[in-house]
Amino acid sequence: MSDQVVDRIERALKRIERAAASNADGRARLQRRNTTLRTRIESAIGDLDALIALETESALPPEDDADADPGKEAQG
Numbered sequence: 178m179s180d181q182v183v184d185r186i187e188r189a190l191k192r193i194e195r196a197a198a199s200n201a202d203g204r205a206r207l208q209r210r211n212t213t214l215r216t217r218i219e220s221a222i223g224d225l226d227a228l229i230a231l232e233t234e235s236a237l238p239p240e241d242d243a244d245a246d247p248g249k250e251a252q253g
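Under this note's numbering, the letters of the sequence shown match residues 178 to 253, in that order.
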């Protein structure tokens, strides 16, 4: 094989290696962003669950005294 062909092959391989490395960097960046976003979403869902629980508790009617005194229900 001539030196010219070998040089072309080597240059092509270097371009491929650079592109592969760049692609790996991009995937790693996306993975970090995905992890950060997932953590933030999980935290937001936890906060929403807590708010829903508080709202549910405050929206419940007061406990009925009839449950505490069975005789009241029979009179009522």
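Yeah, the Cβ is synthetic: ideal placement off N, Cα and C, and Gly gets one too. All of these numbers come straight from a predicted model, not from anything done at the bench.
Just the Cα atoms here: how many angstroms apart are D226 and R210?
24 Å
To which residues of the same chain is G253 closer than 6 Å at the C-beta, ignoring the five residues directly before and after it?
Residue placement at G253 is flagged as unreliable, the pLDDT there being 49, under the threshold of 50; a coordinate-derived value is accordingly withheld.
How is G253 classed by DSSP in three states: helix, strand or coil?
With a pLDDT of 49 at G253, under the threshold of 50, the modelled position of this residue cannot be trusted, and the question is left open.
When the Cα atoms are used, what is the spatial distance from P238 to A205?
52 Å
Backbone secondary structure at L237 - three-state DSSP:
coil
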